[in-house]
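> After the structure tokens below, expect a handful of questions from me.
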DNA sequence: TGACTGTTTTACCATATGGTAATATAGTTG
DNA sequence: CAACTATATTACCATATGGTAAAACAGTCA
């Protein structure tokens, strides 16, 4: 049997993973998650902080809730959300470092060219 | 100044991160990456292994290439691709563990209900 | 109760995107 | 060169999805 560095994943698993990525593929949802950070904010506070439409924020929050990325707590008229899946931030950091590496490589390529 | 566990990211950064997630949000692209694993395969081999259409595989590979996730090497008539950004697999693993945790929680919720 | 506030849902439009057939391109071989 | 193979590109269709206005819903307060 061949030795592999990476786990073989079933198509079913890959579909679920893709769905999670799809959820994170929307800038507005990332903005919401990033705005939440480790705080608990109401929908209204998120609307104000992000500048997005209220229905839009609510819809995105519903999707994040269904996926289990955020938690929901009702208090009076307000509904408070917070991030309950910390892997979200780990994923962003990993992507960020990958992007940083790539950009650095591209930058150095340009630099090498201009100085040559 | 408030202490935060998570870095504050600019909207621009979040847009780039979202773009990366969008690239990984397509099951067929994940299948291609997972099929590649740590091997170098030709387009034809990928077509056969995945069962997808040739044009489709080629298009997805082009996107992965442009994003710097895979490398491309031409040899005669064949073109060989391989994964050159290992963070891809790390991201999948992180998502997988998150999904596993969530499913386990749901499962135990069901179990608690049925045995009660 | 009725007026008001915060949130969710619905209906709809505009846009983006995946799949594919057909075609183009590049490279090999006779 | 022509015939062939492997890959890439183009054009197109069908579908999915984000944003938003309007309406519905839920909870508060006078």
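Residue numbers (my numbering), protein chains in the order written: chain Z, 179 to 294; chain A, 179 to 294.
Idealized CB from N, CA, C, for every residue including glycine.
1) Within the continuous alpha helix (DSSP H) that includes residue 246 of chain Z, where are the two ends?
2) Would you say residue 294 of chain A lies against chain Z (beta-carbon separation less than 8 Å)?
3) If you pair each beta-carbon of the stretch 211 to 230 of chain Z with each one of the stretch 220 to 231 of chain A, do three or more pairs fall below 8 Å?
4) To the nearest angstrom, how far is the alpha carbon of residue 242 of chain Z from that of residue 255 of chain A?
5) Pick from Z:201, Z:188, Z:213: whose alpha carbon is nearest that of residue 260 of chain Z?
6) By the 7 Å beta-carbon criterion, what residues does the stretch 199 to 233 of chain A contribute toward chain Z?
7) Given a threshold of 16 other Cβ atoms within 10 Å of its Cβ, counted over all protein chains shown, does residue 275 of chain Z qualify as buried or as exposed?
8) So which residues on chain Z does residue 250 of chain A lean against when the C-beta distance must stay under 9 Å?
9) Could you pull the DSSP bridge partners for residue 220 of chain Z from this structure?
10) Starting from residue 192 of chain A, find everything on chain Z with Cβ-Cβ shorter than 7 Å and list it in chain order.
11) Output yes if chain A places a C-beta closer than 8 Å to the C-beta of residue 282 of chain Z; else output no.
12) Is there at least one Cβ from chain A nearer than 8 Å to residue 269 of chain Z's Cβ?
13) Below 6 Å CB to CB, which residues in the same chain sit around residue 251 of chain A once its five sequence neighbours on both sides are set aside?
14) Quickly, what does DSSP pair residue 252 of chain Z with across the bridge? List them, please.
15) Count the other CB atoms, across all protein chains shown, that sit within 10 Å of the CB of residue 283 of chain A; report buried if there are 16 or more and exposed otherwise.
16) Measure the Cβ-Cβ separation of residue 198 of chain Z and residue 273 of chain A and say whether it is below 8 Å.
17) What is the DSSP secondary structure of residue 185 of chain Z, reduced to helix, strand or coil?
18) Which whole-angstrom value is the C-beta distance of residue 270 of chain A and residue 208 of chain Z, which I expect to be below 8 Å?
So, from the data block:
1) Note, residue 246 of chain Z: premise wrong, no alpha helix (DSSP H); not H, not E.
2) A caution first: residue 294 of chain A carries a pLDDT of 48, below 50, which makes its placement in the model too unreliable to give a value.
3) no
4) 46 Å
5) Z:213
6) 199, 200, 202, 203, 204, 205, 208, 209, 212, 215, 216
7) exposed
8) Going along chain Z, no residue has its Cβ under 9 Å from residue 250 of chain A, so there is no contact; the nearest lies around 15 Å.
9) Z:258
10) 205, 208, 209, 212
11) no
12) yes
13) 258
14) Z:257
15) exposed
16) yes
17) coil
18) Rounded, the Cβ-Cβ distance is 18 Å, inconsistent with contact.
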